[in-house]
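Here is the structure we will look at.
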Amino acid sequence: MKLNIALLKGDGIGPEVTSQAVKCLQAVEDTFGHEFQFTEALVGAAAIDKYGDPLPKATLDVCKKADAVLFGAIGDPKYDNDPDAKVRPEQGLLRLRKELGLFCNIRPIKVFPNLMEKSPLKKKVIQGTDFVIYRELTGGIYFGEKSLSEDGTSATDSCTYTEAEISRIAHLAFKAAKARRKKLTLVDKANVLESSRLWRRVVTKIGESYPEVALDFMFIDNAAMQLLLKPSQFDVILTENMFGDILSDEGSAVGGSIGLLPSASTGENHALFEPVHGSYPQAKGKDIANPIASILSAAMLLDHFKLDEESRAVVIAVLKSIKKGIVSPDLNTSSKYGTSHIGDFISGNIRDSE
Ligand code: NAI
Ligand code: MG
């Protein structure tokens, strides 16, 4: 398969971890006979420094022309610590999601057998945890009308969802559930919010076309609790933008290190793959960042193009590195292995996987 991949490494540890993911994709390319072409472009603080814009037009063009975007992370302390900064790196990612119409954010959360002691939860609680969150990414309260009264004592954010917005992500979530353990939990606040009641109606109706998937409902407050009490009960969680934002960050703590968690954001015509973590500026250039979240994001990219065997080879190579203890300091404080060495080990294993 020929794939044109836009490479947006970004700031902080972004370039280091993304380079490891590229090594792995190149190993897949050689081993399985594909042709991946990478086009690098600037985003975030690096792009502000050069062009005064966190998402220059040239970068957006590269992304729009590509089959997929592999994204690192953005963010730099020089902007985080300046409340008056007019242009911020994060605006680059938000605009990119919007421009590419990436309405569906997918975050798989899985506990690795050899890393159970890394979780803040007890082993018997997290055993068997393997779920995926489908979060709506371009609607809801984050994109609703905002206003502040003239005297500054009252503020409004409104939450709007249309049937079409709910329906397109619901289909994706049902399809995912059908290919997994066939359970879908819609998380909402239908006892209070009108928009949540619309979600329930639309999702229930769509569920009729997926009779093999068991659909259930959970209020967001209970879901936040259940995620810590019994995370293994979930298979696919479907939820709106803000609830999904909060729940997915809570979920990322369950696995033990944010350095392990990949994500995908998809739309009608585009798809972007990135680690869940940020630019971790304290680790920049130190060769200590965990590259696994980025490498597993590359595996999700392969999944997206139905390169199942290739994706499996990447995941197996990652598991091998964990099993052998070839991991970064977030997983083992006395580890002597660096980001780049781990990338070499995993990509080397992919090459052996034929
Ligand atoms: P962060 O995710 O960069 O780091 C938080 C902590 O997580 C780190 O102190 C470290 O202990 C751990 N961590 C993160 N990535 C790791 C990795 N690969 N290996 C090992 N440990 C890792 O979040 P923080 O510190 O809140 O934000 C730093 C910058 O990143 C900010 O400018 C923020 O705006 C930006 N950010 C960007 C995101 C993106 O590009 N999608 C997402 C989140 C934050
Ligand atoms: Mg968040």
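Each residue of the sequence shown is one higher than the last, beginning at 1 in full-length UniProt numbering.
Heads up, the beta-carbon is just placed ideally off N, CA and C, and yes, glycines get one too.
#1: Assuming Gly239 is part of the alpha helix (DSSP H), what are its boundary residues?
#2: Could you tell me the distance, in whole angstroms, from the CA atom of Leu331 to the CA atom of Leu115?
#3: From Tyr79, Asp84 and Leu100, pick the residue whose C-alpha is nearest to that of Glu90; which is it?
#4: Between Gly251 and Ile133, how many whole angstroms is the CB-CB distance? I'm expecting something under 8 Å.
#5: Looking only at its chain, what residues have a beta carbon closer than 8 Å to the beta carbon of Ile5, apart from the 5 residues adjacent to it on each side?
#6: Do Leu215 and Leu261 have their C-beta atoms within less than 8 Å of each other?
#7: Is the distance from the Cβ of Gly259 to the Cβ of Ala289 below 8 Å?
#8: From this set, Gly101, Val87, Asn269 and Thr31, which residue's C-alpha is nearest Leu55's C-alpha?
#9: So residue 361 packs on Gly12, CB below 8 Å; how close in whole Å?
#10: Going by Cα to Cα distance, which pick from Gly207, Lys183 and Met218 is closest to Asn191?
#11: Alpha carbons only, please: which of Asp235, Lys324 and Ile106 is nearest the one belonging to Lys183?
#12: Does the distance from the CB of Val202 to the CB of Glu163 come in under 8 Å?
#13: For the candidate residues Tyr161, Ser232 and Glu150, whose alpha-carbon lies nearest to that of Gly144?
#14: Restricting to runs no shorter than 3 residues, where is the beta strand (DSSP E) found entirely within the segment 190-241?
#15: With DSSP as the reference, please indicate the residues paired to Leu70 in a beta bridge.
#16: Look at the Cβ atom of Pro275, then the Cβ atom of Gln20, and state whether they are nearer than 8 Å.
#17: Provide the residue span of the beta strand (DSSP E) that contains Phe103, from first to last.
#18: Kindly list the residues whose CB is nearer than 6 Å to the CB of Cys63, restricted to its own chain and excluding five residues on each side of it in sequence; keep chain order.
#19: Check for me: the alpha helix (DSSP H) holding Arg135 runs from which residue to which?
#20: In chain order, which continuous runs of the beta strand (DSSP E) of length 3 or greater are located wholly inside the segment 21-96?
By the coordinates alone:
#1: Position 239 of the sequence shown, counting from 1, holds the residue named residue 239. Looking at the sequence shown, residue 239 is not Gly but Thr. For Thr239, there is no enclosing alpha helix (DSSP H); the enclosing beta strand (DSSP E) has its first and last residue at Val236 to Thr239.
#2: Numbered from 1 along the sequence shown, position 331 holds the residue referred to as residue 331. Numbered from 1 along the sequence shown, position 115 holds the residue referred to as residue 115. Leu331 and Leu115: Cα-Cα distance of roughly 8 Å.
#3: Here residue 90 corresponds to residue number 90 of the sequence shown, with the count starting at 1. It is Tyr79 whose Cα lies nearest to the Cα of Glu90.
#4: Locating residue 251 in the sequence shown gives position 251, counting from the first residue. Locating residue 133 in the sequence shown gives position 133, counting from the first residue. Contact between Gly251 and Ile133 holds: CB atoms are separated by about 6 Å, below the 8 Å threshold.
#5: Here residue 5 is taken as the residue at index 5 of the sequence shown, counted from 1. Cβ within range, chain order: Leu25, Phe36, Gln37, Phe38, Thr39, Ala66, Asp67, Ala68, Val69, Leu70 and Leu301.
#6: The residue given as residue 215 occupies position 215 in the sequence shown. The residue given as residue 261 occupies position 261 in the sequence shown. With contacts defined as CB atoms closer than 8 Å, Leu215 and Leu261 fail to qualify as a contacting pair.
#7: Mapped onto the sequence shown, residue 259 falls at position 259. Mapped onto the sequence shown, residue 289 falls at position 289. Yes, the pair counts as a contact, with Cβ atoms nearer than the cut-off.
#8: To locate residue 55, count along the sequence shown from 1; it is residue 55. Selected option, being the one with the closest Cα: Val87.
#9: Because residue 361 is not part of the residues shown, which for the chain are 1 to 354, the question remains open.
#10: As a first step, residue 191 must be located in the sequence shown, where it is residue number 191. When each option's Cα is compared against that of Asn191, the closest is Met218.
#11: As a first step, residue 183 is located in the sequence shown; it is residue number 183 there, counting from the start. Ranking the options by Cα distance to Lys183, first place goes to Asp235.
#12: Your numbering for residue 202 matches position 202 in the sequence shown. Your numbering for residue 163 matches position 163 in the sequence shown. Yes, the Cβ-Cβ distance between Val202 and Glu163 is below 8 Å.
#13: Within the sequence shown, the letter at position 144 stands for residue 144. Ranking the options by Cα distance to Gly144, first place goes to Tyr161.
#14: Segments of the beta strand (DSSP E) lying fully in the segment 190-241: 214-219 and 236-239.
#15: By 1-based counting over the sequence shown, the position of residue 70 is 70. For Leu70, the pairing in a beta bridge is given by DSSP as Leu7 and Phe273.
#16: Along the sequence shown, read from residue 1 onward, the residue named residue 275 stands at position 275. Along the sequence shown, read from residue 1 onward, the residue named residue 20 stands at position 20. The beta carbons of Pro275 and Gln20 sit no closer together than 8 Å.
#17: Taking the first residue of the sequence shown as 1, we reach residue 103 at position 103. That residue, Phe103, is in no beta strand (DSSP E); it is neither H nor E in DSSP.
#18: If you number the sequence shown from 1, residue 63 lands on position 63. Closer than 6 Å at Cβ, skipping near neighbours: Ala6 and Val69.
#19: Start at 1 with the first residue of the sequence shown, and residue 135 comes out as number 135. It is not in any alpha helix (DSSP H) - Arg135 instead sits in the beta strand (DSSP E) that spans Asp130 to Glu136.
#20: Correct list: 35-40 and 68-73.
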